[in-house]
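Notes follow the structure.
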Amino acid sequence: MTALRRSLRKLLARAPGQHLNRVALLRLLLPLVLCLPQASLAEPRIDAFDYDGKCLSDRLQAALATMPRDISSVRLPSRLADTQVQPGNAQGKAANAIQSLQLIETFFNDELGWSSVDGQAAPMVLLANLSAKMDGSCDGMNAFYMNLSPDTAHVIAILHGHRQATEDLAHDIDVVGHEFAHGFFKTTQGEDQTLEKAAINEGVADMFGITIRAWHESGQDLANTRVREDTFRLGRTFALVADRYYDSPMHQGAMRDLSNPMPWDTADHYDLVNQRSFREEHSLSGVVSLPFALMVKGGRHPRVEQDIEVQAIGFDKAIRIMFYTLKHRLPFNSMPEFATAVRRAAARIHGESSAEVQSVHNAFAVVGLLDAAGGSSPAPSPDAPAEPSAEPAPLPQPEPETSPGDVPDTAPPAPQTPPEADSWLSPGQTFIVLLAAFLLILLVVGKTLKNARRNQIRQAYQLSQPARPLSPQSMPDNPEPTPVTPPRPGGCVAEVSLDGVKTTLMLDARPQVLGRSRDLPLPEPLRQRLGQDPFLARAHGEIWYQPDGNYLYVRCLSDNGLELNGQNVATGDKVKTTFDTPVSLRMGETTLTLIRRGQWP
1 MTALRRSLRK LLARAPGQHL NRVALLRLLL PLVLCLPQAS LAEPRIDAFD YDGKCLSDRL
61 QAALATMPRD ISSVRLPSRL ADTQVQPGNA QGKAANAIQS LQLIETFFND ELGWSSVDGQ
121 AAPMVLLANL SAKMDGSCDG MNAFYMNLSP DTAHVIAILH GHRQATEDLA HDIDVVGHEF
181 AHGFFKTTQG EDQTLEKAAI NEGVADMFGI TIRAWHESGQ DLANTRVRED TFRLGRTFAL
241 VADRYYDSPM HQGAMRDLSN PMPWDTADHY DLVNQRSFRE EHSLSGVVSL PFALMVKGGR
301 HPRVEQDIEV QAIGFDKAIR IMFYTLKHRL PFNSMPEFAT AVRRAAARIH GESSAEVQSV
361 HNAFAVVGLL DAAGGSSPAP SPDAPAEPSA EPAPLPQPEP ETSPGDVPDT APPAPQTPPE
421 ADSWLSPGQT FIVLLAAFLL ILLVVGKTLK NARRNQIRQA YQLSQPARPL SPQSMPDNPE
481 PTPVTPPRPG GCVAEVSLDG VKTTLMLDAR PQVLGRSRDL PLPEPLRQRL GQDPFLARAH
541 GEIWYQPDGN YLYVRCLSDN GLELNGQNVA TGDKVKTTFD TPVSLRMGET TLTLIRRGQW
601 P
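For the sequence shown, the UniProt record's numbering assigns the number 1 to the initial residue and increments by one for each residue that follows.
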């Protein structure tokens, strides 16, 4: 539009009688032509299904996962076909979910020039107003994205929250945008093969989710999107339903806060990556989402004293830098590599010496992913206390005159005794030994205190109390306990290959029995193949998946044993393996190959 206004001013300022040659006229009119409305990107189709509060079975989830990219080309299962609604005729929670998804597609299309999750107008399958099996029972408090490959359907499910709730999870545009961004991340970056990359996926999804909500609340103008007090708090309706209908209040009425992750039990520095309480992708995502919040609004680390100040560049520039990083597939598999890729994207867009690059660099330096720039102090160590205003406790010093070898010069002389002829150590050697023992004790005590302080954050937030404020003066003497919501269970979509036939299993913490029995809840092609092996027991083994650590577990139930990746597993034994690469499972004369194709929710 700036070029358009400049060309109009030049034309209007032309003196009367002044003629323009053809070249000059073309130069003035070219910006006008470029600013004319252009043909928009193809609008992706939304195939919506209103489940009317019913529970989505594991078998139907597996069927959805293997449907083609365009489900209109196949016959739908009857239970699914009966729930299909047209976007213009949907009502209630389904209508809200459709409207939110359309709004998110508008953001990607109009602001970023990207159609659907893949940039190629892929049809979207939207499941709305339903519950789904998560931990053995039907749960309505969730949302998830599912896709196995570029040739299969892109599915987004927005659960109903609670059947009696008038509040609707689809009103959380940031939550719906979060799931849509999972699809964008997968189509550009592929599978999450490591915990850190899965955490980056979660963090990026949060970035796009809160950006889309702020964009909508600011009149759908990304260049003028504003930052409000609660801009970086995700899932406010989700938290409201959890509090009102499940008696499970969330801290300050939100699922997470990108600008201050720690009070929500989410890591805010890379030094916390190996602590057990943060070994899960949602809990680790704050390490990459906090830098984004700092890029947008500017400022310092919310918890730890540092000399690094991040200058604000706003939503428009920050989200476009993230979008460029993913769209152009800048390589990364770890968090430091991701920080480097985002910095490279900023340099390509704005120039190496730009203020935007400095903002990106400082934002990731704050969380320990890049070196501190411009003479700033290094990133905080894991020893930093949870309350930055508190003085660090000094190491305990030994009490005077407690060590037999540490005798001060002013001590009265000891009575002289004649030396023993068979003394093992001379007095000088005794002093050296005692001094060494004293130093060793100091080292052990110091190491113990260091580890205790490193775990201070995790221990503090395992208590049933609200997050401690940054200022100790404002902390109440007897804080009221706040219930802590346990992490929601999840699972993975596993592709199972057997003699060239591929099926899918939805694996989670519930053991899935494999064997020859016709009564097992398995996909029909897999059940038929297993039933043809006479060496299989009716219940030969069981498998399950734990997202915490990305482990696939196998237990043998048959006297014939089984093999996991060539390792023999005897009756009753349980083994586990990381599910980063294909897994071979041999039972009887049957060999299954399992590949993790995605996680849910």
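C-beta atoms are modelled at their ideal positions from N, C-alpha and C, and glycine is treated no differently.
- Give a yes or no on whether the C-beta atoms belonging to N142 and G183 are separated by under 8 Å. Start at 1 with the first residue of the sequence shown, and residue 142 comes out as number 142. Start at 1 with the first residue of the sequence shown, and residue 183 comes out as number 183. No, the pair does not count as a contact, with Cβ atoms beyond the cut-off.
- Message: Does the structure place the segment 505–524 close enough to the segment 534–554 that three or more beta carbon pairs sit under 8 Å?
- Response: Touching, per the Cβ criterion.
- Message: According to DSSP, simplified to helix, strand and coil, what is N560?
- Response: In the sequence shown, the residue the question calls residue 560 occupies position 560. Look at N560 here: in three-state DSSP terms it is coil, with no helix or strand label.
- Message: If you reduce the DSSP assignment to three classes, tell me which class H251 lands in.
- Response: As a position in the sequence shown, residue 251 is number 251, starting the count at 1. Three-state DSSP puts H251 in a helix.
- Query: Looking at I313 and residue 602, is the spacing between their C-beta atoms short of 8 Å?
  - Reply: Nothing can be reported for residue 602: it is not among the residues displayed for the chain, which extend from 1 to 601.
- Item | Boundaries of the beta strand (DSSP E) in which S131 is found, first to last residue | Here residue 131 corresponds to residue number 131 of the sequence shown, with the count starting at 1. From DSSP, the beta strand (DSSP E) with S131 extends over 131–133.
- Query: The beta strand (DSSP E) with R529 in it runs from where to where?
  - Reply: Residue 529 sits at position 529 when you count from the first residue of the sequence shown. Per DSSP, R529 belongs to no beta strand (DSSP E); it is in the alpha helix (DSSP H), 524–531.
- Message: Under 8 Å: do the segment 84–96 and the segment 111–120 share three or more Cβ pairs, one atom per stretch?
- Response: no
- Query: When the Cα of E111 is compared with those of A494, T211, T591, which residue comes out closest?
  - Reply: As a first step, residue 111 must be located in the sequence shown, where it is residue number 111. Its Cα nearest to that of E111, the residue T211 stands out among A494, T211, T591.
- Query: Rounded to the nearest angstrom, how far is the Cβ of D257 from that of F292, given a contact under 8 Å?
  - Reply: Numbered from its first residue, the sequence shown carries residue 257 at position 257. Numbered from its first residue, the sequence shown carries residue 292 at position 292. With 8 Å as the limit, D257 and F292 do not qualify as a contact, their Cβ atoms being about 12 Å apart.
- Task: Flag A539 as yes when its Cβ comes closer than 7 Å to any non-hydrogen atom of the ligand FMN, and as no otherwise.
- Result: As presented, the structure is devoid of all ligands, the ligand FMN included, so that no description of it is given.
- Message: Give me, in chain order, the residues of the same chain whose beta-carbon lies closer than 8 Å to that of M335; leave out the 5 immediate sequence neighbours on both sides.
- Response: The residue given as residue 335 occupies position 335 in the sequence shown. Same-chain partners within the cutoff: E196, A199, I200, Y270, V273, V287, V288, L369.
- So, is V493 buried or exposed, given that buried needs 16 or more other C-beta atoms within 10 angstroms? On the sequence shown, residue 493 is found 493 positions in, with the first residue counted as 1. Counting Cβ neighbours within 10 Å, V493 comes out buried, since at least 16 surround it.
- Message: With a threshold of 8 Å, are at least 3 pairs of Cβ atoms found where one atom belongs to the segment 244–254 and the other to the segment 208–228?
- Response: no
- Item | Unbroken beta strand (DSSP E) run spanning L505, endpoints | Reading the sequence shown from its first residue, position 505 is the one you call residue 505. Segment 501–507, the beta strand (DSSP E) holding L505.
- Query: Can you tell me the Cα-Cα spacing of G515 and A205, whole angstroms?
  - Reply: Numbered from 1 along the sequence shown, position 515 holds the residue referred to as residue 515. Numbered from 1 along the sequence shown, position 205 holds the residue referred to as residue 205. Taking the CA atoms as reference points, G515 sits about 39 Å from A205.
- Query: Would you call the segment 157–175 and the segment 306–324 in contact, with 3 or more CB pairs under 8 Å?
  - Reply: no
- Query: In or out: Y551 buried (at least 16 other Cβ within 10 Å) or exposed?
  - Reply: Here residue 551 refers to the residue found at position 551 of the sequence shown. Y551 comes out exposed.
- Task: Give me the Cα-Cα distance between Q532 and C556, rounded to the nearest whole angstrom.
- Result: Sequence index remark: in the sequence shown, residue 532 carries index 532 (1-based). Sequence index remark: in the sequence shown, residue 556 carries index 556 (1-based). Each residue's alpha carbon lies about 19 Å from the other.
- Query: Is the beta carbon of L592 less than 8 Å from the beta carbon of L443?
  - Reply: By 1-based counting over the sequence shown, the position of residue 592 is 592. By 1-based counting over the sequence shown, the position of residue 443 is 443. Contact flag unset, no.
- Of the listed residues D52, I156, G161, M67, nearest to F180 (C-alpha basis): The residue labelled residue 180 in the question sits at position 180 within the sequence shown. Considering only alpha carbons, the answer is I156.
- Rounded Cβ spacing between M67 and A153 (contact assumed at less than 8 Å): What you label residue 67 is simply residue 67 of the sequence shown in a count that begins at 1. What you label residue 153 is simply residue 153 of the sequence shown in a count that begins at 1. Confirmed, Cβ separation roughly 4 Å.
- Task: Work out the CA separation of E563 and V583 for me, nearest whole Å.
- Result: Here the question's residue 583 lines up with position 583 in the sequence shown. Here the question's residue 563 lines up with position 563 in the sequence shown. Computed Cα separation, rounded: 11 Å.
- Helix, strand or coil: how does DSSP classify residue 603 here? Nothing about residue 603 can be reported from this structure: the residues present for the chain run from 1 to 601 only.
- Beta-carbon gap between S259 and K297 smaller than 8 Å: As a first step, residue 259 must be located in the sequence shown, where it is residue number 259. As a first step, residue 297 must be located in the sequence shown, where it is residue number 297. Yes, they are a contact pair.
- Task: Hey, could you find the ends of the beta strand (DSSP E) S497 is sitting in?
- Result: The residue labelled residue 497 in the question sits at position 497 within the sequence shown. It spans 491–498 - the beta strand (DSSP E) in which S497 sits, taken as one unbroken run.
- Beta-carbon proximity list for V357, same chain, < 8 Å, skipping 5 on both sides: Within the sequence shown, the letter at position 357 stands for residue 357. Counting only Cβ-Cβ distances below 8 Å, and skipping sequence neighbours, we find R343, A346, A347, H350, G351.
- Message: Excluding the 5 residues flanking A355 on each side, which residues of the same chain have their C-beta closer than 8 Å to its C-beta?
- Response: As a position in the sequence shown, residue 355 is number 355, starting the count at 1. Excluding sequence neighbours, A355 sits near Q311, I313.
- Give the secondary structure of K93 by DSSP, where H, G and I count as helix, E and B as strand, and everything else as coil. For the purposes of this step, residue 93 is taken as residue 93 along the sequence shown, with counting starting at 1. Here K93 sits in helix by DSSP.
- With a cut-off of 8 Å, do at least 3 Cβ pairs link the segment 62–80 to the segment 96–110? no
- Host alpha helix (DSSP H) of M295 (start-end): Position 295 of the sequence shown, counted from the first residue, corresponds to residue 295. In this chain, the alpha helix (DSSP H) harbouring M295 covers 286–297.
- Task: Quick one: measure Cβ to Cβ for R59 and P521, integer angstroms, because I've assumed they're closer than 8 Å.
- Result: Position 59 of the sequence shown, counted from the start, is the residue given in the question as residue 59. Position 521 of the sequence shown, counted from the start, is the residue given in the question as residue 521. So it is a contact: roughly 7 Å between Cβ atoms.
- Neighbourhood of S285 by C-beta distance below 7 Å, restricted to the same chain and skipping five residues each side: By one-based count along the sequence shown, residue 285 stands at place 285. Excluding residues within five positions, the ones whose Cβ falls inside 7 Å are A199, E202, G203, D206, T266.
- Query: Using the beta-carbon count (16 or more within 10 Å), is N224 buried or exposed?
  - Reply: Start at 1 with the first residue of the sequence shown, and residue 224 comes out as number 224. Burial call: exposed.
- Item | Own chain, CB closer than 8 Å to E167, minus 5 neighbours either side, in chain order | One-based indexing of the sequence shown puts residue 167 at position 167. Answer for E167: G161, T237, L240, V241, R244, listed in chain order.
- Query: Do R538 and V501 have their C-beta atoms closer together than 8 Å?
  - Reply: Residue numbering aside, residue 538 sits at position 538 when the sequence shown is read from its first letter. Residue numbering aside, residue 501 sits at position 501 when the sequence shown is read from its first letter. No, the Cβ-Cβ distance between R538 and V501 is not below 8 Å.
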